[in-house]
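The block underneath contains the structure these notes are about, expressed in structure tokens.
Numbering (our numbering), first residue to last: 1 to 285.
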């Protein structure tokens, strides 16, 4: 390309064609499918680096609780890889967010084998944090956990908040707010609306609890939020998972976030559909 000036700006409706013209190698790119949401929603923004009329690289972010920003949706045109364009866009966004007085944390979640993305994220000022495994339980035929009676359902909002506030140790090192979106464990996330969408269960000993919330990421899943590494040692844990799943039959599976230790504790990984591990990067302001 000629030496035209590079320009980074927020994408608008008229940029959809430019986005479609990018050679990213991604089939059925979900960013194209949800493009209206990304440019119309107050929680989302997406930026692009242009050279003339050509869109070379894009990235965006989502704001949670008006305090946390998760960066992502990073992709570049393969014809122009190697020029640092992704780093320019991500650094631009990180700097932009750092100047917003309400934003106290930025994060990015990428798979541990994606070294190019990790370099871009680190150059944007974020530091590596915990590793998570995302495993989807696809069958109800059997499980390798300890059998036991169903855990007790918690209905009241006050009780749900008490359980969350009682959590001293968290094996995940984050709060799995949504599938793919681990965030800092912070009470600002626990709004009435969010907690009403969550189903809580507590075990008979009242020293463990689990949270379920339906989440659409491609398919609909029942997202399991559990903060210990003893899934398979807790009697009744998987009976409770299946009970919640049965109450949400439209869910394609039960999505569980595991820490590295928790994942190693799985006796039979074959019952899960497992992704390669993800690492959370972050920076506090």
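Beta carbons: idealized from backbone N, C-alpha and C, even for Gly.
Practice task
For the stretch 52 to 59 and the stretch 77 to 90, state whether three or more C-beta atom pairs, one from each stretch, are separated by less than 8 Å.
Solution key: yes
Handout entry: Option in 124, 107 and 81 with minimal Cα separation from residue 92
Key = The residue given as residue 92 occupies position 92 in the chain shown. Looking at the Cα atoms, 124 is the closest of the given residues.
Practice task
Within 10 angstroms of the Cβ of residue 158, are there 16 or more other Cβ atoms? Answer buried if so, exposed if not.
Solution key: Numbered from its first residue, the chain shown carries residue 158 at position 158. Answer is exposed; the Cβ neighbour count stays below 16.
Practice task
With DSSP collapsed to three states, give me the class of residue 57.
Solution key: Here residue 57 refers to the residue found at position 57 when the chain shown is read from its first residue. Strand at residue 57.
Problem - Proximity below 8 Å, CB of residue 137 to CB of residue 236 - result: The count along the chain shown starts at 1 and reaches residue 137 at position 137. The count along the chain shown starts at 1 and reaches residue 236 at position 236. Not closer than 8 Å, so no.
Exercise for the section: Identify which residue in 67, 186, 68 and 268 has its Cα closest to the Cα of residue 170. Expected result: On the chain shown, position 170 is the one that residue 170 refers to. The shortest C-alpha separation from residue 170 is found at 186.
Handout entry: Contact between the stretch 200 to 210 and the stretch 100 to 109 (3+ Cβ pairs under 8 Å)
Key = no
Exercise for the section: Can you grab the Cα-Cα spacing for the pair residue 242 / residue 277, in whole Å? Expected result: Taking the chain shown and counting its residues from 1, one reaches residue 242 at position 242. Taking the chain shown and counting its residues from 1, one reaches residue 277 at position 277. Their backbone Cα atoms lie some 24 Å apart in a straight line.
Handout entry: 7 Å CB neighbourhood of residue 113 in its chain, flanking five on each side removed
Key = Residue mapping note: residue 113 aligns to position 113 of the chain shown, counting from 1. These residues qualify, in order along the chain: 276.
Practice task
Could you check the C-alpha separation between residue 1 and residue 258 for me, to the nearest Å?
Solution key: Translated into the one-based positions of the chain shown, residue 1 becomes position 1. Translated into the one-based positions of the chain shown, residue 258 becomes position 258. Per-residue confidence for residue 1 stands at a pLDDT of 49, beneath the threshold of 50, marking its modelled position as unreliable; no derived number is given.
Problem - Through-space distance from residue 253 to residue 69, alpha-carbon basis - result: By one-based count along the chain shown, residue 69 stands at place 69. By one-based count along the chain shown, residue 253 stands at place 253. Spanning the two alpha carbons is a distance of roughly 28 Å.
Problem - Complete alpha helix (DSSP H) runs within the stretch 110 to 138 (minimum length 4 residues, chain order) - result: 115 to 123
Practice task
For the alpha helix (DSSP H) containing residue 195, list its first residue and its last residue.
Solution key: As a first step, residue 195 is located in the chain shown; it is residue number 195 there, counting from the start. Segment 192 to 197, the alpha helix (DSSP H) holding residue 195.
Problem - Neighbourhood of residue 217 by C-beta distance below 7 Å, restricted to the same chain and skipping five residues each side - result: Position 217 of the chain shown, counting from 1, holds the residue named residue 217. Closer than 7 Å at Cβ, skipping near neighbours: 179 and 180.
Exercise for the section: My understanding is that residue 7 touches residue 35, with C-beta atoms under 8 Å, so please give their C-beta distance in whole angstroms. Expected result: On the chain shown, residue 7 is found 7 positions in, with the first residue counted as 1. On the chain shown, residue 35 is found 35 positions in, with the first residue counted as 1. Wrong, their Cβ atoms sit about 20 Å apart, outside the cutoff.
Practice task
Count the other CB atoms, across all protein chains shown, that sit within 10 Å of the CB of residue 182; report buried if there are 16 or more and exposed otherwise.
Solution key: As a position in the chain shown, residue 182 is number 182, starting the count at 1. Counting Cβ neighbours within 10 Å, residue 182 comes out buried, since at least 16 surround it.
Exercise for the section: Answer yes or no: do residue 215 and residue 265 have a C-beta to C-beta separation smaller than 8 Å? Expected result: Residue 215 sits at position 215 when you count from the first residue of the chain shown. Residue 265 sits at position 265 when you count from the first residue of the chain shown. Going by C-beta atoms, residue 215 is not nearer than 8 Å to residue 265.
Problem - First and last residue of the uninterrupted alpha helix (DSSP H) at residue 284 - result: For this step, residue 284 is matched to residue 284 along the chain shown. That residue, residue 284, is in no alpha helix (DSSP H); its beta strand (DSSP E) goes 278 to 284.
Practice task
Would you check if the distance between the CB atom of residue 65 and the CB atom of residue 274 is smaller than 8 Å?
Solution key: Against the chain shown, residue 65 aligns to sequence position 65. Against the chain shown, residue 274 aligns to sequence position 274. Not closer than 8 Å, so no.
Exercise for the section: Assign residue 160 to one of two classes, buried (16 or more other C-beta atoms within 10 Å of its C-beta) or exposed (fewer than that). Expected result: Numbered from its first residue, the chain shown carries residue 160 at position 160. Burial call: buried.
Practice task
Check whether the Cβ atoms of residue 94 and residue 106 sit closer than 8 Å, and answer yes or no.
Solution key: Taking the chain shown and counting its residues from 1, the one referred to as residue 94 is at position 94. Taking the chain shown and counting its residues from 1, the one referred to as residue 106 is at position 106. In contact: residue 94 and residue 106 (Cβ atoms closer than 8 Å).
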